[in-house]
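Numbering (the numbering used here) for the sequence shown: 103 to 181.
Here the structure is laid out as structure tokens; the discussion comes afterwards.
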Amino acid sequence: MDIKAIIEQIIDKIKNDKDFGSSFKSDPVKTVEKTVGVDLPDDQINAIIEGVKSKINLDEIGEKLGGLSGLLNKLKGGE
């Protein structure tokens, strides 16, 4: 099982399906197991969950910084 591919698959589902995102947020272990369809060892499940959470947090931070950059550019142009 390619853990990186699973992480990307889950992130795509979270971004495109609000119900899936809610399910992941409330019970990430069950959601990952259901998505993968294979019984994985706990350490692999936990690695997937942590990978998804960290990637989502980085994406959110990047989006916020991108918005901040746009705001700063507007302020500079308004001077």
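Built from N, CA and C at the ideal position, the CB exists for glycine as well.
Keep in mind the model is a prediction, meaning the values are calculated, not measured.
Exposed unless 16 or more other CB atoms sit within 10 angstroms - verdict on residue i
i, result
"Val134", "buried"
"Glu181", "Confidence at Glu181 is low in this model, with a pLDDT of 49, below 50, so the placement of that residue is unreliable and no value is reported for it."
"Val131", "exposed"
"Val154", "buried"
Cβ-Cβ distance between residue i and residue j below 8 Å
i, j, result
"Ile150", "Ile105", "yes"
Supposed contact pair residue j and residue i - C-beta distance, whole angstroms, cut 8 Å
i, j, result
"Ile108", "Val138", "6 Å"
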